[in-house]
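Chemist: Sharing a structure here in structure tokens format.
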Amino acid sequence: FFSDLDNESRALILIAQHRQEIIIFIERGKMAGPSHDSSTTKIFHEKVSFMKNWKPENIPSNRDRLELYALHKQAISGDAPNSFSSNAPQAEKSRYQAWKHKSGLSSEQAMSAYCAECDRQLRVYGGQMTESTPMTPMTTPNESAGPNTEKDTAPRGIAAIPLLCAAAAESRVAYLRRLARGDVANAWWSRQEPLCGTPGTITTLPETFLLATASLIESISLRSDQYIPISTAIVQSFLWPLHNISLAFWILLILLYTAIDGAKHLATTLLWGSRRTGLTLSKIWDDEIALTLHSVKSLCLSHHPIGVRLVALMMWPFTLLVEGLCLQLVEPLGGTLTNALVYVTVIVCTSWYWIFTVPCLAACTAVGAFWSGFCFSLIELAGV
Numbered sequence: 001f002f003s004d005l006d007n008e009s010r011a012l013i014l015i016a017q018h019r020q021e022i023i024i025f026i027e028r029g030k031m032a033g034p035s036h037d038s039s040t041t042k043i044f045h046e047k048v049s050f051m052k053n054w055k056p057e058n059i060p061s062n063r064d065r066l067e068l069y070a071l072h073k074q075a076i077s078g079d080a081p082n083s084f085s086s087n088a089p090q091a092e093k094s095r096y097q098a099w100k101h102k103s104g105l106s107s108e109q110a111m112s113a114y115c116a117e118c119d120r121q122l123r124v125y126g127g128q129m130t131e132s133t134p135m136t137p138m139t140t141p142n143e144s145a146g147p148n149t150e151k152d153t154a155p156r157g158i159a160a161i162p163l164l165c166a167a168a169a170e171s172r173v174a175y176l177r178r179l180a181r182g183d184v185a186n187a188w189w190s191r192q193e194p195l196c197g198t199p200g201t202i203t204t205l206p207e208t209f210l211l212a213t214a215s216l217i218e219s220i221s222l223r224s225d226q227y228i229p230i231s232t233a234i235v236q237s238f239l240w241p242l243h244n245i246s247l248a249f250w251i252l253l254i255l256l257y258t259a260i261d262g263a264k265h266l267a268t269t270l271l272w273g274s275r276r277t278g279l280t281l282s283k284i285w286d287d288e289i290a291l292t293l294h295s296v297k298s299l300c301l302s303h304h305p306i307g308v309r310l311v312a313l314m315m316w317p318f319t320l321l322v323e324g325l326c327l328q329l330v331e332p333l334g335g336t337l338t339n340a341l342v343y344v345t346v347i348v349c350t351s352w353y354w355i356f357t358v359p360c361l362a363a364c365t366a367v368g369a370f371w372s373g374f375c376f377s378l379i380e381l382a383g384v
């Protein structure tokens with residue numbers, strides 16, 4: 001019977017018979033290719049196994065769960081596909097956005113980042129650790145031995161950007177439907193907290209002001225029938241662009257804060273040395289500057305809403321500074337030390353752009369969102 005079949009039919013039968021072995025082979029090829037460092041791969045598998053049974057003392061936030069999902073997906077499957085169904089549920093969109101945000105990372109880089117993120121979440125949320133799941137080493141073998149005193153500089157806000165992008169992509173119809181099911185007590189904006197800066201200090205003021213303003217907009221949307229003699233859907237359609245642009249501004253604040261905070265960390269380490277600050281120039285660069293650059297570049301993708309892409313346009317000088325000047329010109333010639341000096345110098349010299357120009361551009365964008373609200377309210381009024 002088998003000999004009477006053509007080659008295509010034979011191949012299909014063989015694939016069906018050995019389907020499980022083929023799947024195992026492909027997965028092993030993805031996860032443990034010859035280019036992977038064996039120790040990184042081993043630690044990665046240990047972390048994945050541990051996190052499946054991890055019982056945290058405090059429930060991790062959605063953004064932290066998405067971060068682990070995205071890094072694991074990038075390590076196993078590589079870059080996310082360019083197309084995604086627009087009719088998919090919001091949860092699926094959030095996961096896709098988080099995965100898409102990691103595009104460009106190699107499998108080994110994603111594995112290392114996954115291990116580091118696991119360590120961070122174990123410190124933040126607590127839980128049981130076992131001897132078979134050691135903390136990921138923070139130093140390479142060729143660095144000085146001894147206890148690790150290096151601080152964790154990975155910015156918390158950067159991990160939230162994929163979730164904020166997914167929220168900003170919410171359509172007007174989905175926004176109206178969500179508000180119809182919600183109430184003021186469980187409003188989304190009122191449950192958010194600043195992601196950058198030290199709590200209780202002046203560094204959280206910009207985010208606090210933004211969250212308060214967005215909460216007010218959301219409160220008006222939910223209570224409009226009590227104060228405004230117009231259909232609630234019309235008022236909510238008017239305020240929908242302001243809600244979306246608030247999410248884009250939150251992303252902008254995170255990027256600005258991380259870029260400037262990275263310059264501050266580099267400057268203090270250059271002045272006082274790694275031993276006193278507990279930081280190394282290479283770690284600051286990888287944890288803050290490189291991550292910010294990757295985030296800015298990912299915001300330019302076509303599937304993002306226009307408000308998010310406008311944020312990427314405002315951060316374009318940062319991309320020129322890091323990628324065009326530091327990485328392509330300075331680092332090959334002078335190394336990490338010269339790279340850090342140039343970055344800090346240019347950030348200081350262009351402070352006028354970050355302090356004055358970016359807020360002015362953001363204000364113009366907010367005005368555009370305000371006037372576009374009239375268009376959407378007319379669309380709702382016309383029943384289109």
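Residues in the sequence shown are numbered consecutively from 1, following our numbering. Heads up, the beta-carbon is just placed ideally off N, CA and C, and yes, glycines get one too.
1) Looking at the structure shown, is Lys264 part of a helix, part of a strand, or coil, going by DSSP?
2) Arg275: buried (16+ other C-beta within 10 angstroms of its C-beta) or exposed?
3) Return helix, strand or coil for Thr198, following the three-state DSSP convention.
4) With DSSP collapsed to three states, give me the class of Phe209.
5) When burial is assigned at 16 or more other CB atoms within 10 Å of the CB, is Ala159 buried or exposed?
6) Under three-state DSSP, which class holds Met111?
7) Excluding the five sequence neighbours on either side, which residues of its own chain have a C-beta within less than 6 angstroms of the C-beta of Leu205, listed in chain order?
8) Return the chain-ordered list of same chain residues with a C-beta closer than 8 angstroms to the C-beta of Ile217, the five sequence neighbours on each side being excluded.
9) What are the boundary residues of the alpha helix (DSSP H) that includes Gln192?
10) Shortest alpha-carbon distance to Gln236 belongs to which of Ile43, Ser219, Asn87, Asp119?
11) CB-CB under 8 angstroms to Thr198, same chain, minus the five flanking residues each way: which ones, in chain order?
12) Tell me the DSSP secondary structure of Asn339 in three-state form.
13) In or out: Lys73 buried (at least 16 other Cβ within 10 Å) or exposed?
14) Please go through the same chain and pick out, in chain order, the residues whose beta-carbon is closer than 7 angstroms to the beta-carbon of Leu337, but skip the five residues on each side of it.
15) If I measure Cβ to Cβ from Ile22 and keep anything under 6 angstroms in the same chain, skipping five residues before and after, which residues do I get?
16) What is the residue span of the alpha helix (DSSP H) that Tyr69 lies within?
17) Between the Cα of Leu179 and the Cα atoms of Ser372, Leu256, Leu222, Trp354, which residue gives the shortest distance?
18) The alpha helix (DSSP H) with Gln97 in it runs from where to where?
19) Compare the C-alpha of Ile254 against each of Leu210, Pro60, Lys47, Ser112 and name the closest.
20) So which of Val322, Asn62, Ala312, Val308 has the shortest CA-CA distance to Glu170?
21) Going by DSSP in three states, Pro305 sits in which element: helix, strand or coil?
22) Since Thr70 and Ala98 are thought to touch, with beta carbons under 8 angstroms apart, how far apart are those beta carbons, to the nearest angstrom?
23) Once DSSP output is grouped into helix, strand and coil, what is the label at Met315?
24) Taking 8 angstroms as the cut-off, does the segment 312-326 touch the segment 250-265 (at least 3 CB pairs, one atom from each stretch)?
25) For the segment 290-305 against the segment 345-355, are there 3 or more C-beta pairs whose distance is under 8 angstroms?
26) Looking only at C-alpha atoms, which of Ile347, Ser39, Ala212 sits nearest to Thr109?
27) Helix, strand or coil: how does DSSP classify Cys300 here?
28) Could you tell me which of Gly368, Ala263, Trp371 sits nearest to Ala385, measuring between CA atoms?
29) What do you reckon, are the CB atoms on Ala75 and Met111 nearer than 7 angstroms?
30) Tell me whether Ser49 is buried or exposed, calling it buried when 16 or more other Cβ atoms sit within 10 Å of its Cβ.
31) Thinking C-beta only, is Val311 closer than 7 angstroms to Leu361?
32) On the DSSP letters alone, give me the boundaries of the alpha helix (DSSP H) that Tyr175 sits inside.
33) Once DSSP output is grouped into helix, strand and coil, what is the label at Ser103?
34) Would DSSP call Phe50 helix, strand or coil?
35) What is the C-beta distance between Ser64 and Gln121, in whole angstroms, given that I count them as a contact (C-beta under 8 angstroms)?
36) Between the Cα of Ser224 and the Cα atoms of His304, Leu176, Glu67, which residue gives the shortest distance?
Modeler: For this structure:
1) Lys264 sits in a helix when the DSSP states are folded into three classes.
2) So Arg275 counts as exposed.
3) In the structure shown, Thr198 sits in coil (DSSP, three-state: anything other than H, G, I, E or B).
4) Phe209 falls in the helix class under three-state DSSP.
5) Ala159 is buried by the Cβ-count criterion.
6) Under the three-state reduction of DSSP, Met111 is assigned to helix.
7) Cβ-Cβ distances below 6 angstroms link Leu205 to nothing in the same chain once the five nearest sequence neighbours on each side are left out.
8) Only Trp189, Leu239, Leu242, His243, Ser246 meet the Cβ criterion.
9) Note, Gln192: premise wrong, no alpha helix (DSSP H); not H, not E.
10) Closest option to Gln236, Cα to Cα, is Ser219.
11) Take Thr198, set aside five residues on each side of it, and the residues of its chain with a beta-carbon closer than 8 angstroms to its own are Thr204, in chain order.
12) In the three-state DSSP reduction, Asn339 falls in the helix class (H, G or I).
13) By the 10 Å Cβ count, Lys73 comes out buried.
14) Excluding residues within five positions, the ones whose Cβ falls inside 7 angstroms are Leu281.
15) Reliability of the predicted coordinates at Ile22 is poor, the pLDDT of 45 falling under 50, and no value is obtained from them.
16) Per DSSP, Tyr69 belongs to the alpha helix (DSSP H) from 62-77.
17) Residue Leu222 is the option with its Cα nearest to Leu179.
18) It spans 90-100 - the alpha helix (DSSP H) in which Gln97 sits, taken as one unbroken run.
19) It is Leu210.
20) Closest in C-alpha terms to Glu170, from the list Val322, Asn62, Ala312, Val308, comes Val308.
21) Looking at Pro305 - three-state DSSP - the assignment turns out to be coil, as it is neither helix nor strand.
22) The question names Thr, but residue 70 in the sequence shown is Ala. Taking the Cβ atoms as the reference, Ala70 lies roughly 4 angstroms from Ala98, within the contact range of under 8 angstroms.
23) Met315 falls in the coil class under three-state DSSP.
24) Yes, the segment 250-265 is in contact with the segment 312-326.
25) Short answer: they don't touch.
26) One point to set straight first is that residue 109 is Gln, not Thr, in the sequence displayed. Measuring from the Cα of Gln109, the nearest candidate turns out to be Ser39.
27) In the structure shown, Cys300 sits in coil (DSSP, three-state: anything other than H, G, I, E or B).
28) Nothing about residue 385 can be read from this structure; the chain reaches only from 1 to 384.
29) In this structure, Met111 lies closer than 7 angstroms to Ala75 by Cβ.
30) With fewer than 16 Cβ atoms within 10 Å of its Cβ, Ser49 is classed as exposed.
31) In this structure, Val311 does not lie closer than 7 angstroms to Leu361 by Cβ.
32) That run of the alpha helix (DSSP H) goes 172-181.
33) In the structure shown, Ser103 sits in coil (DSSP, three-state: anything other than H, G, I, E or B).
34) It is helical.
35) Note on residue identity: the sequence assigns Asp, not Ser, to residue 64. Rounded to the nearest angstrom, the Cβ distance from Asp64 to Gln121 is 6 angstroms, consistent with a contact under 8 angstroms.
36) If we check each option's Cα against that of Ser224, Leu176 comes out closest.
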